[in-house]
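Each residue of the sequence shown is one higher than the last, beginning at 17 in the numbering used here. Even for Gly, the Cβ is constructed at its ideal location relative to N, Cα and C.
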Amino acid sequence: MPETRTTDVLIAGQGAAAFAAALYTARYQIHGMIVGDRFGGETAIGGGIENYPGYPEIDGFDLMLKFREQVDKYEVPIVDAALTGVENKGDHFVSTLSDGTTVESGAVIFAIGRERRKLNLEHEEAWTGKGVSYCSTCDAPLYREKTAAVVGGGSAAVEGAILLGKYTTETYLIYRGDKFRRPEPVLVDLLEKSENVHVLFETEVTELVGDDTKGLTGIKLSKSYEGQDELTLDGVFIEIGADPRIEIPQSLGVELNHETNEIHVDRNMNTNVAGIFGAGDITDGSGSLKQTITAAAQGAISALAAYQYISEHGHRCDMHEKGFDLKADAAD
Ligand SMILES: Cc1cc2nc3c(=O)[nH]c(=O)nc-3n(C[C@H](O)[C@H](O)[C@H](O)COP(=O)(O)OP(=O)(O)OC[C@H]3O[C@@H](n4cnc5c(N)ncnc54)[C@H](O)[C@@H]3O)c2cc1C
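Printed below as a string of structure tokens:
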């Protein structure tokens, strides 16, 4: 029989926003349950963090371990699974998880972040992990003394190219724009000082070259570089941004920001659907600044909003009346 569990607030995600939300729900003495399919989210795989206050320099994975350690003190249940759907039952929500579990909750906080964008070229999926990567900070050390390219023109792409320049013999940064507009100027300065990083403006990748045994061996370009239409490479890093994971919130009628396609939240992290809250990179709550600190801050605010909602609507009491044992569940 598939298991059914109950909590006041289901917190979807396992990144900075989710852990901060869990910490604050625990301190407001309502029951939160974290449901996330990858520990630590983007912070954990983003490499070194130098802008999280209190930690002049810390590896992102270690920072997330500290987030979890703090939450563990309150015995908040953490389920390693993906949320696959949420149904609004009027006075509560019923969520389904990838491990077959069903969770009934009075409220849901969406803190499920963003999905990396793909180039949608042939072989891209098949060669992911075989020369195609979406995270230079994760995989750069694998390219020591090799040749790589980064595709994109935002901060992640520029940071990735600088990092790869430290390992590779040659790195190419391929950007379709005519100049950098989005990265912090300090990053562009660093890029210009990276002698083995070559920037190809107004250029796109038109084809991934290789075979299924070796994986990627090169890329074809829309505009020739030093007389060549193709670069021979060991790896290509696709850093062209990410899209908020809106499918499940949208199925509940959650309103989106029309310009950014993010979940639209007010300053208290309320969405337009009563009992549904958003936090972190999936929302438009911190404008264009998407960072670990803004995600954590929104997680905390969303927990307060969820606490107020649960207190006002008495869903927790209703669940007790229905015979759900919240204390036993939270101690799992
Ligand atoms: C390469 C890189 C470097 C970065 N460097 C920095 C930096 O130096 N400093 C800084 O402050 N920020 C940095 N950031 C940004 C920072 O990592 C993000 O702003 C932050 O991780 C957002 O946190 P979040 O909790 O909103 O989302 P995420 O960290 O993306 O977490 C989302 C979570 O939801 C889970 N999830 C997804 N779908 C589901 C589902 N259906 N069900 C359940 N769970 C799901 C994911 O597995 C993940 O655990 C960097 C980002 C990248 C990509």
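Neighbourhood of Tyr-188 by C-beta distance below 7 Å, restricted to the same chain and skipping five residues each side
One-based indexing of the sequence shown puts residue 188 at position 172. Closer than 7 Å at Cβ, skipping near neighbours: Ala-165, His-214, Leu-216 and Leu-247.
Gly-303 (DSSP reduced to helix, strand or coil)
By one-based count along the sequence shown, residue 303 stands at place 287. Reduced to three states, the DSSP call for Gly-303 is coil.
Suppose the cutoff is 8 Å on Cβ atoms and the five residues either side in sequence are ignored; what does the same chain contact list for Phe-35 look like?
Reading the sequence shown from its first residue, position 19 is the one you call residue 35. Cβ neighbours of Phe-35 beyond the five flanking positions: Ile-50, Met-80, Phe-83, Arg-84, Gln-86, Val-87, Ala-312 and Gly-315.
Please report the straight-line C-alpha distance between Arg-54 and Met-285, rounded to a whole angstrom.
Your numbering for residue 54 matches position 38 in the sequence shown. Your numbering for residue 285 matches position 269 in the sequence shown. So the alpha carbons of these two residues sit roughly 23 Å apart.
Any chance the region 167-186 sits against the region 243-263, with 3 or more Cβ pairs inside 8 Å?
By the C-beta criterion, the region 167-186 is judged to be in contact with the region 243-263, since at least 3 inter-stretch pairs fall below 8 Å.
Evaluate the contact criterion for the region 219-234 versus the region 109-124: three or more CB pairs, one atom per stretch, below 8 Å.
No, they do not touch.
Go ahead and pull the three-state DSSP assignment for Asp-96.
Position 80 of the sequence shown, counted from the start, is the residue given in the question as residue 96. DSSP places Asp-96 in the strand class (E or B) of the three-state scheme.
Mapping DSSP to helix, strand and coil, what is Arg-43?
As a working mapping, residue 43 is identified with position 27 in the sequence shown. DSSP places Arg-43 in helix when its eight states are reduced to three.
Please state whether DSSP places Val-225 in a helix, a strand or coil.
Sequence index remark: in the sequence shown, residue 225 carries index 209 (1-based). Three-state result, Val-225: strand.
According to the neighbour-count rule (16 or more other Cβ atoms, all chains shown, within 10 Å of its Cβ), is Glu-19 buried or exposed?
Position 3 of the sequence shown holds residue 19. So Glu-19 counts as exposed.
How many whole angstroms separate the CB atoms of Gly-101 and Thr-112, which I take to be in contact at a CB cut-off of 8 Å?
Stepping through the sequence shown from its first residue, residue 101 is reached at position 85. Stepping through the sequence shown from its first residue, residue 112 is reached at position 96. About 5 Å separates the two Cβ atoms, so the contact holds.
Once DSSP output is grouped into helix, strand and coil, what is the label at Arg-84?
Position 68 of the sequence shown holds residue 84. DSSP, reduced to helix, strand and coil, places Arg-84 within a helical segment of the structure shown.
Nearest-angstrom Cα distance between Asp-334 and Thr-299?
Your numbering for residue 334 matches position 318 in the sequence shown. Your numbering for residue 299 matches position 283 in the sequence shown. Low per-residue confidence applies at Asp-334: pLDDT is 44, beneath 50, and the placement is therefore not dependable enough to give any value.
What does DSSP give as the partner residue(s) for Asn-212 in the beta ladder?
Locating residue 212 in the sequence shown gives position 196, counting from the first residue. The partner list for Asn-212 (beta bridge, DSSP) is empty, contrary to what the question assumes.
Run of the beta strand (DSSP E) containing Ile-125, from where it starts to where it stops
Here residue 125 refers to the residue found at position 109 of the sequence shown. Segment 118-126, the beta strand (DSSP E) holding Ile-125.
So, under 8 Å CB-CB, Ala-28 and Ile-128 are touching, yes? Tell me the CB distance rounded to an integer number of Å.
Within the sequence shown, residue 28 is the residue found at index 12, counting from 1. Within the sequence shown, residue 128 is the residue found at index 112, counting from 1. Rounded, the Cβ-Cβ distance is 5 Å, consistent with contact.
Tyr-191: which of Gly-168, Tyr-325 and Leu-180 sits nearest, CA to CA?
On the sequence shown, residue 191 is found 175 positions in, with the first residue counted as 1. Looking at the Cα atoms, Gly-168 is the closest of the given residues.
Three-state secondary structure (DSSP) of Tyr-188:
Numbered from its first residue, the sequence shown carries residue 188 at position 172. Note: Tyr-188 maps to strand in three-state DSSP.
Excluding the 5 residues flanking Tyr-323 on each side, which residues of the same chain have their C-beta closer than 7 Å to its C-beta?
Within the sequence shown, residue 323 is the residue found at index 307, counting from 1. Apart from sequence neighbours up to five positions away, the residues of its chain that approach Tyr-323 with a beta-carbon distance below 7 Å are Thr-41, Tyr-44 and Ile-46, ordered along the chain.
Residues sharing a beta bridge with Gln-244, DSSP
If you number the sequence shown from 1, residue 244 lands on position 228. Its beta-bridge partners are Tyr-241.
Residue(s) in a DSSP beta bridge with Asn-104
Counted from its first residue, the sequence shown places residue 104 at position 88. Answer is Phe-109.
Less than 9 Å between the C-beta atoms of Gly-360 and Ala-32, yes or no?
Residue 360 lies beyond the residue range present for the chain, which begins at 17 and ends at 348; the question has no answer from this structure.
Confirm the yes/no value for this check: CB of Glu-103, any heavy atom of ligand 1, distance under 8 Å.
Reading the sequence shown from its first residue, position 87 is the one you call residue 103. Glu-103: no, Cβ never under 8 Å from ligand 1.
From the DSSP output, in three-state form, read off Phe-196 for me.
Locating residue 196 in the sequence shown gives position 180, counting from the first residue. Three-state result, Phe-196: coil.
Between Thr-153 and Ile-262, is the Cβ-Cβ spacing less than 9 Å?
The residue labelled residue 153 in the question sits at position 137 within the sequence shown. The residue labelled residue 262 in the question sits at position 246 within the sequence shown. Between Thr-153 and Ile-262, the C-beta spacing is not below 9 Å.
Can you look up Tyr-150 in the DSSP assignment and give me helix, strand or coil?
Within the sequence shown, residue 150 is the residue found at index 134, counting from 1. It is coil, neither helix nor strand.
Since Leu-272 and Ile-264 are thought to touch, with beta carbons under 8 Å apart, how far apart are those beta carbons, to the nearest angstrom?
Walking along the sequence shown from the start, residue 272 turns up at place 256. Walking along the sequence shown from the start, residue 264 turns up at place 248. Actually they are not in contact, since the Cβ atoms of Leu-272 and Ile-264 sit about 13 Å apart, beyond 8 Å.
Own chain partners of Lys-146 with C-beta closer than 6 Å, once the 5 adjacent residues on each side are dropped:
Reading the sequence shown from its first residue, position 130 is the one you call residue 146. Its chain contains Gly-231 as the residues whose beta carbon lies nearer than 6 Å to that of Lys-146, once the 5 sequence neighbours on both sides are disregarded; these appear in chain order.
Under a three-way DSSP split, which group does Phe-217 fall into?
Position 201 of the sequence shown, counted from the start, is the residue given in the question as residue 217. Residue state, collapsed to three classes: coil.
What separation, rounded to the nearest whole angstrom, lies between the Cα atoms of Asn-288 and Ser-327?
As a working note, residue 288 is residue 272 in the sequence shown. As a working note, residue 327 is residue 311 in the sequence shown. Taking the Cα positions, Asn-288 is about 19 Å away from Ser-327.
Going by the beta-carbon positions, is the gap between Lys-6 and Thr-219 smaller than 9 Å?
Absent from the structure is residue 6, since the part of the chain shown begins at 17 and ends at 348.
heavy atom of ligand 1 below 8 Å from Asn-273 C-beta:
Numbered from 1 along the sequence shown, position 257 holds the residue referred to as residue 273. Taking non-hydrogen atoms of ligand 1 into account, the C-beta of Asn-273 is found less than 8 Å away from none of them.
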